[in-house]
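Quick note on UniProt numbering: the sequence shown kicks off at 1 and runs consecutively. Here the structure comes first, spelled out in structure tokens, and everything after it is commentary.
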Amino acid sequence: MTDVETDTQLETSSSALIQNIIEDLFSYSTVRWKRILEYYYFEDAVLTSPVMSTEGTTNIQYVYTVWQALNRQAPTINNIVFDGRTAVVHLTQNLSPSIFPAFVRLQVPSITTLHFRVTEEESGLLKVYRQEDSWTLEGLIQSVPLISFWYNHVLRVMMGKVVTATGDLLDAALRHAHKMSLRGREIQRRSRDLAIENMEKLDEYRANLHENYLEGIRGWRENYIQEYEDDPEDTRFDDDYAHVPVKESRGGPRYLL
């Protein structure tokens, strides 16, 4: 037999053993679940649930005794997952208290987690040192007929509409913010390009400032000479008239002719 076949056979036998342990643990046969607690639980094992916690196999037996006395039917095992050290059991608790009529029955989903550890380093034997029973709030609500109908058809529907409407508003706000961000970046880019263009024009104007100044002077002189040639009798172009001193008077400055 190869190593692979040996490992496969061991895994199969371990899975079968775990399944048998769990089936006996949750059965309503007192002999079977007491045998599991005696041989596959540490003496100081701990049992916890949403409403209680106890320690020791003796106290755990008392809990199972009370639970079996209060309920007529054993739980239904839906699935078992075992990874070598932890077993997760998905159950449906069939709650039918003995003090109520038999038709009063609630089915509550629950999860039991069994934590194993090695008894001795070289033995390789595993025993349960902790059991955790958990019931979800949704499972409790779904188990009550009137409350489950209100929960499924009113509360969950309303909450779905509220959440989707909120998500729609948030999505619209995010899209608008994204558009505004893109528009702001576009305005910033255009402003930067315009500033760069203006700076380039200013630098070009400064580079040609001296040339423009000289060109303006030349244009003024050419215009001045052209006006003189057109009207040589104009006294504005007379050298004597152009240099007549100005004398202050009561009536304001005047020319001395």
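Note that beta-carbon positions come from the ideal geometry of N, C-alpha and C, so glycine has one too.
Practice item. Please name the residue, chosen from His115, Met52, Trp135, that lies closest to Leu126 on a Cα-to-Cα basis. Key: Counted from its first residue, the sequence shown places residue 126 at position 126. It is His115.
Practice item. Kindly confirm or deny that the segment 17-24 and the segment 77-90 touch, where touching means at least three C-beta pairs closer than 8 Å. Key: Segments in contact, yes.
**Study point:** Span of the beta strand (DSSP E), counted from its first residue to its last, around Pro70
**Key:** On the sequence shown, residue 70 is found 70 positions in, with the first residue counted as 1. Position check: residue 70 holds Leu in this sequence, whereas Pro was assumed. No beta strand (DSSP E) contains Leu70, which is instead part of the alpha helix (DSSP H) from 57-70.
Check your understanding: With a CB to CB cut of under 8 Å and the five nearest residues on each side skipped, what residues in its chain are close to Asp24?
Key -> One-based indexing of the sequence shown puts residue 24 at position 24. Excluding residues within five positions, the ones whose Cβ falls inside 8 Å are Arg32, Trp33, Arg35, Ile36.
Check your understanding: Helix, strand or coil for residue 287 per DSSP?
Key -> Not covered by the structure: residue 287. The range shown for the chain is 1 to 257.
Exercise for review: Counting only the same chain and skipping the five closest in sequence on each side, list residues whose C-beta sits under 8 Å from that of Asn59.
Suggested key: Position 59 of the sequence shown holds residue 59. For Asn59, where only same-chain residues beyond five positions count, the Cβ hits under 8 Å are Leu47.
Practice item. With DSSP collapsed to three states, give me the class of Asp133. Key: Counting from one through the sequence shown, the residue named residue 133 turns up at place 133. Strand at Asp133.
**Study point:** Ser89, enclosing beta strand (DSSP E) - first and last residue
**Key:** Numbered from its first residue, the sequence shown carries residue 89 at position 89. Here residue 89 turns out to be Val, not Ser, going by the sequence shown. Looking at the DSSP string, the run of the beta strand (DSSP E) that includes Val89 is 86-95.
Exercise for review: Output the distance between the C-alpha atoms of Arg185 and Asp193, rounded to the nearest integer angstrom.
Suggested key: Here the question's residue 185 lines up with position 185 in the sequence shown. Here the question's residue 193 lines up with position 193 in the sequence shown. Between the alpha carbons of Arg185 and Asp193 lies a gap of roughly 12 Å.
**Study point:** Residues sharing a beta bridge with Asn79, DSSP
**Key:** Your numbering for residue 79 matches position 79 in the sequence shown. Looking at the DSSP output, Asn79 sits in a beta bridge with His90.
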